[in-house]
Each structure stands twice: as structure tokens, then as C-alpha cells.
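Undergrad: Please see the structure below; I have some questions.
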Amino acid sequence: MDISEQFWNASFDDLKFGYVQEKDQYVCLLCGEKIEKGIVYPEDGVLYEAGRYMRLHIDKVHHSVFEYLTQLDKKMTGLTEHQTNLIRLFYQGKSDGEVQKELGIGSASTIRNHRFSLKEKERQSKVYLVMMELLKEKNKHEPVYLTPPKTAKMVDDRYKVTQHDSDKLLTTLFPEGTEGPLKTFSIKEKNKLVVLQVIVKRFQDGRIYTEKEVNQILKVVYHDFATLRRYLIEYGFLDRTPDGSQYWLRKDTGNKEETIMDRKQELKQQYKETKFEAGVYQIKNTKNDKVFIESTMNLKTINGKRFTLDMGSYQNKRLQNEWTEFGADAFNFEVLEILEIPEVGYFDAKDALKKLREKWLTKLQPYGDRGYNTPKPIPQDM
23 MDISEQFWNA SFDDLKFGYV QEKDQYVCLL CGEKIEKGIV YPEDGVLYEA GRYMRLHIDK
83 VHHSVFEYLT QLDKKMTGLT EHQTNLIRLF YQGKSDGEVQ KELGIGSAST IRNHRFSLKE
143 KERQSKVYLV MMELLKEKNK HEPVYLTPPK TAKMVDDRYK VTQHDSDKLL TTLFPEGTEG
203 PLKTFSIKEK NKLVVLQVIV KRFQDGRIYT EKEVNQILKV VYHDFATLRR YLIEYGFLDR
263 TPDGSQYWLR KDTGNKEETI MDRKQELKQQ YKETKFEAGV YQIKNTKNDK VFIESTMNLK
323 TINGKRFTLD MGSYQNKRLQ NEWTEFGADA FNFEVLEILE IPEVGYFDAK DALKKLREKW
383 LTKLQPYGDR GYNTPKPIPQ DM
């Protein structure tokens, strides 16, 4: 699980909430997802402002900040698996007796001792944090690393490059100087960042480029301009419209305000034009061909079902058990039919969707060995 530099540099309070608030957006510290301010976001037929939508994102994708943190490797938390399990149960509000019974260890007094040990670890952590803060103020030998752009989508080991190494690399890769052509882009991933930070300087802040114009600029740098263009997007140096017709330099300062407003208007227009599609879909186990038939008023929410299954909390236990047994890669999600809604006149969409689901249940008979649905009980004669 990748942890961004922004995660480690976040304040204590920001880490508790799981996101940071920047000038124009909210950024999820857990996955890097960015929610732009000034946009209204739809979800399951409800509209959310950006801050509330970010909290919804954390609840839906990560379940909670606590849940995310307890899934981190012990190298990051400093906790053993046993300690993590204890903290989970304490978080659930279980008593010492309930924890002892669930874990099957010692007695209630043993659990109290564990609580004391964790409290002691908390006190030690506070002292350690203060010591490290004081060390930062005195450490004159800390190497200077390249500063990742604030628009970076994920900060990881690729950014662990010192300024000295960067200067040496650029001399090798740009024999004619950084304004000249690139010798090769077949280099280590972390070195690509160094190269991209130089290349992006050829674009003007605040200007909108067509894809053809972007290609012309990059062709002068390197013959495989399409790869350079893709990496500039991936690393967050350039942004573009969904159809790829317009590109612009992503910046947090300078003359970006007009570009931001244009982008907001574009997103608002996209929202107005968005049509929520209701329909029936199936979750298919490709290992044994068993299927689960379900319907939804918004087919865009299907990914939320995948997350629930990954978390082990899906309401259909038979499907959940085999998802856990076979793994997520063994299952496919497929839309079977989209509900056609007439443009005029009264239409009971929920009732029509219910009938559409019954149609597919009758057709596929996903019961017993063929699926995970539960058949309706046969009414008994009075």
C-alpha cells in the first residue's frame, strides 16, 4: 500500500479526518483522490458539496480512517498483528471480558494489561515525535531532495532523488543542455521525474494547448512524444479535458485562476448533461459460472458493491464467502439491461426496475448451484 509524502507531512488533525483542504480542492490522504471545490457532486441521487463528498469518499472507499490505518503494514504502524487486533476490538467498544472471549487469550485482567501497554506506547510516541521535531531544527546534514509538485497524484519512492543526483543525471540525458533533445527515456522510474520536471518548463502557464500543439512541443524533445505526454499527465504536470482536445499546465500559483474557472464551468456542464441510468447487472464467478443478479437506480454505484465485497461485509453471505475464497479477480461485473425511461408522461421507475430484475431472475435462474440469489418461497395453499 503506497503512502504519499503528503500523508506523512499532514498535521495530526488532518490525519484524523483523512484529507487536507487546499486552495481549490480537497485531497484524500489515503489514496490521493482530489475533489475540486465549487462543484456539486451526485451520488445515489443525492447532491453533495465538495467537502461532504470527500467525507463520503472516505466512508465508501476506505470505510473509515481508522480502518485504513489498521490495514497498514506493521513497519508503518509499529504495531504487531496482535496489538492491531486488540485496538480494532477496543475501537468497536468491546469490554475487556468481550475482547478476552473473542481472542481466546488469558483473562479480563490480561486485556487490561494490554490496554496499559498500548497507553504506554502512546506516551512514548509523543516523546519520540517531539525529539524528531527538535532534531529537524538542528540537523544541518539532511540531503536536499527534489520537491514534488503539489499537483502530483501520488508521492512515493520515485521522488527520493537528491539535487546532486538530479544535476548529474540531466547532464547525461541532455548532452546539448536541458533546452535540447532528450537522449533516452528508457530510464528508471524515479529518474523520469527529473526529466519531466525539465520538459514541462517548455509549456506556458495559463495557456490552453491542443493535442497537436502538445505533440509538436514534445517531438522536439524525444521521438516517442506520446509516452512523454502520458507521463506528464500521470505525474500531474499537465491536465486535459476528458476528450483530450485541450491540455494545460497544472500549477498552484501564477496565472492559473482563469484556467481553474474554465475547468469548473466544464465540470458543471458535464454534471448537467449527466444522465443517471438504472438497470440490472450481474456479478459472475468465472471459476464456477455462478451469478448474482441485482438492480440499481444508478449503475455508476456498482463499484461501491465491489468495495463492500472487498471489505467482507456484503449482505449476500454465499457470494461474500466465495468472493473471499476465490478472490476479487475471479469475478466480473456486467450490466445486463438498462431501464428505458420515457421522456414524457408518468413513469414508476422503481416498479419498472423491479419487474426488469424479475425478468432476468426468471431467465437466468441464479439459484442453488447456478447462483447466489435466494428464490422466493412458494406460497402455501390455505
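Following this note's numbering, the numbering of the sequence shown begins with 23 at its first residue and continues without gaps. Even for Gly, the Cβ is constructed at its ideal location relative to N, Cα and C.
Starting from residue 389 and walking both ways along the alpha helix (DSSP H), at which residues does that stretch end?
TA: Neither: residue 389 is in no alpha helix (DSSP H) and is coded neither H nor E.
Undergrad: Do three or more CB pairs link the region 346 to 364 to the region 105 to 121 at distances below 8 angstroms?
TA: no
Undergrad: Hey, how far is the Cα of residue 172 from the Cα of residue 123?
TA: Residue placement at residue 172 is poorly supported in this model, since its pLDDT is 46, which falls under 50; the coordinates still yield a value, given next. Between the alpha carbons of residue 172 and residue 123 lies a gap of roughly 48 angstroms.
Undergrad: Residue 41 bridges to which residues according to DSSP?
TA: 50
Undergrad: From the DSSP output, read off the bridge partner residues of residue 59.
TA: DSSP, once it has assigned bridges, lists no residue as partnering residue 59.
Undergrad: Out of 40, 129 and 84, point me to the one whose CA is closest to residue 331's CA.
TA: 84
Undergrad: Can you pull the DSSP bridge partners for residue 301?
TA: Answer is 318 and 360.
Undergrad: Kindly list the residues whose CB is nearer than 8 angstroms to the CB of residue 102, restricted to its own chain and excluding five residues on each side of it in sequence; keep chain order.
TA: 96
Undergrad: One question on the structure: do residue 221 and residue 242 come within less than 7 angstroms of each other, judged by their Cβ atoms?
TA: no
Undergrad: In terms of residue numbering, what span does the beta strand (DSSP E) encompassing residue 261 cover?
TA: 260 to 262
Undergrad: Kindly confirm or deny that the region 386 to 397 and the region 308 to 315 touch, where touching means at least three C-beta pairs closer than 8 angstroms.
TA: Contact between the region 386 to 397 and the region 308 to 315 is present, because at least three Cβ pairs lie under 8 angstroms.
Undergrad: What residues match up with residue 68 in a beta bridge as DSSP calls it?
TA: 65
Undergrad: Count the other CB atoms within 10 Å of the CB of residue 49; is the residue buried (16 or more) or exposed (fewer)?
TA: Classification for residue 49: buried.
Undergrad: Using 10 angstroms around the beta-carbon of residue 229, count the other beta-carbons present and answer buried if the total reaches 16, otherwise exposed.
TA: exposed
Undergrad: Based on DSSP bridge pairs, tell me the residues matched to residue 271.
TA: 260
Undergrad: Rounded to whole angstroms, what's the CA-CA distance from residue 120 to residue 112? Just pull it up for me.
TA: Straight-line Cα distance between these residues: approximately 10 angstroms.
Undergrad: Compute the Euclidean distance between the alpha carbons of residue 358 and residue 58, then round it to the nearest angstrom.
TA: 33 angstroms
Undergrad: According to the neighbour-count rule (16 or more other Cβ atoms, all chains shown, within 10 Å of its Cβ), is residue 368 buried or exposed?
TA: exposed
Undergrad: Which two residues bound the contiguous alpha helix (DSSP H) that contains residue 347?
TA: 339 to 348
Undergrad: When we look at the beta-carbon of residue 344 and count the other beta-carbons within 10 Å, is it buried (16 or more) or exposed?
TA: buried
Undergrad: For the ligand ADP, I want to know if residue 153 counts as a neighbour, meaning its beta carbon is within less than 6 angstroms of at least one of the ligand's heavy atoms.
TA: Absence of the ligand ADP is noted for the structure shown, with no ligands found whatsoever.
Undergrad: Mapping the DSSP letters down to three states, classify residue 309 as helix, strand or coil.
TA: coil
Undergrad: Inspect the beta-carbon positions of residue 218 and residue 192 and report whether they are closer than 7 angstroms.
TA: no
Undergrad: Would you kindly check if the distance between the Cβ of residue 272 and the Cβ of residue 261 is under 7 angstroms?
TA: The answer is yes: Cβ separation under 7 angstroms.
Undergrad: Measuring CA to CA, which of 370, 322 and 185 is closest to residue 356?
TA: Of 370, 322 and 185, the residue nearest in Cα terms is 322.
Undergrad: In angstroms, rounded to a whole number, what distance separates the CA positions of residue 209 and residue 194?
TA: 12 angstroms
Undergrad: Between the C-alpha atoms of residue 196 and residue 148, what's the straight-line distance to the nearest angstrom?
TA: 47 angstroms
Undergrad: Find the nearest neighbour of residue 207 within the set 232, 140, 224 and 248, judged by alpha-carbon distance.
TA: 248
Undergrad: For residue 138, which beta-bridge partners are listed by DSSP?
TA: DSSP output for residue 138 lists no bridge partner at all.
Undergrad: I believe residue 319 touches residue 375 by the beta-carbon criterion, under 8 angstroms. Please report the beta-carbon distance rounded to the nearest angstrom.
TA: 7 angstroms
Undergrad: Is the distance from the Cβ of residue 75 to the Cβ of residue 63 below 7 angstroms?
TA: yes
Undergrad: Within the same chain, show all residues whose beta-carbon is closer than 8 angstroms to that of residue 53, passing over the 5 residues directly before and after it, in chain order.
TA: So the qualifying residues of the chain are 83 and 84.
Undergrad: Exposed or buried, residue 268, counting other C-beta atoms within 10 Å across all chains shown (16 or more means buried)?
TA: buried
Undergrad: Residue range of the alpha helix (DSSP H) that residue 186 falls in?
TA: 185 to 195
Undergrad: Consult DSSP for residue 231 and reduce its assignment to one of helix, strand or coil.
TA: In the three-state reduction of the DSSP assignment, residue 231 falls in the strand class.
Undergrad: In whole angstroms, what is the alpha-carbon distance linking residue 336 and residue 342?
TA: 6 angstroms
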